[in-house]
Amino acid sequence: MTRADLAAPYHAFVLELDPAVIEALATDMRLVQQGATARISVDPTDAEVADAALRLLRVMDRPAALPVLKDQLLRELHYWLLAGRHGAAIRALGATDSHARRIGRAVAMIREGYARPLRVERLAEATGMSPSSFHQHFRAVTSLSPLQFQKQLRLIEARRMMLSEGVAGSHAAYAVGYESIPQFTREYGRLFGITPARDMKEARGRHTLAA
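Residue numbers (numbering that gives the first Met the number 0): 0 to 210.
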């Protein structure tokens, strides 16, 4: 997400996939795990996925119906995801001790400690892989190296702090783990196509116009 304001807000639906549900559905659907893990990419949402997600969101506004319908709607949403274009990659997340499942553990560790120095050897050990194998499978699943993945997390969180909380760019940079403001500024510009100062100035301008 790179642009949003009061007049045109950004809305997102985030679903934490359940490996147990994936595995059970894969068995029911008689899906066969592929030898190599396919990458998950950004594509338009399948109509069936969007419909199931919308019905789940509507149920969330009806507390009496939520306990009764939530599980079956979540299962249906998992089903359509498995049946869609990302089915092979999602199927790998449910396979016991698959490379994708182990990389998922590493991703969770990076997310939890994104502001701390990254020790790739520790991540490789936690996934039961050699450092070289870990690098290969991490890139295959995420399309990024572990360091690139951490860098994007840091920059995205810094931008959120600046635009949502009004934190100064330098303070945000240090808070997410940067030790050099020039390095933060360069990498921010590469990812978002704009300097931190300019980004905050434009955000304030959009806010003023919307008000």
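Think of the CB as a built atom: it goes at the ideal place given N, C-alpha and C, for glycine as much as any other residue.
Backbone CA spacing between residue i and residue j [nearest angstrom]
| i | j | result |
| --- | --- | --- |
| R158 | P181 | 16 Å |
| V67 | M28 | 24 Å |
| R203 | A7 | 15 Å |
| S97 | L5 | 43 Å |
| E120 | G176 | 19 Å |
| Y113 | L14 | 21 Å |
| V106 | Y173 | 22 Å |
| L73 | A125 | 30 Å |
| L190 | S163 | 18 Å |
| A91 | R138 | 15 Å |
Integer-rounded CB distance, given that residue j should sit under 8 Å from residue i
| i | j | result |
| --- | --- | --- |
| F12 | L81 | Not really, about 18 Å apart at Cβ, beyond 8 Å. |
| G168 | P195 | 4 Å |
| M160 | M199 | Incorrect: roughly 11 Å between the Cβ atoms, too far for contact. |
Start-to-end residues for the alpha helix (DSSP H) that takes in residue i
| i | result |
| --- | --- |
| D70 | 65-82 |
| T126 | 119-126 |
| S169 | 168-174 |
| Y187 | 180-191 |
| F133 | 130-141 |
Same chain, Cβ closer than 7 Å to residue i, neighbours up to 5 away in sequence not counted
| i | result |
| --- | --- |
| R118 | none |
| H170 | none |
| A52 | F12, L76 |
Any non-hydrogen atom of the ligand HEM closer than 8 Å to residue i Cβ
| i | result |
| --- | --- |
| V58 | Looking at this structure, you won't find the ligand HEM or any other ligand, since it has none at all. |
Any chain B beta carbon closer than 9 Å to residue i
| i | result |
| --- | --- |
| R54 | No chain B appears in the structure shown, which is made up of a single protein chain. |
Close beta carbons around residue i, own chain, < 8 Å, minus the five adjacent residues each side
| i | result |
| --- | --- |
| V48 | L76, W79, L80, G83 |
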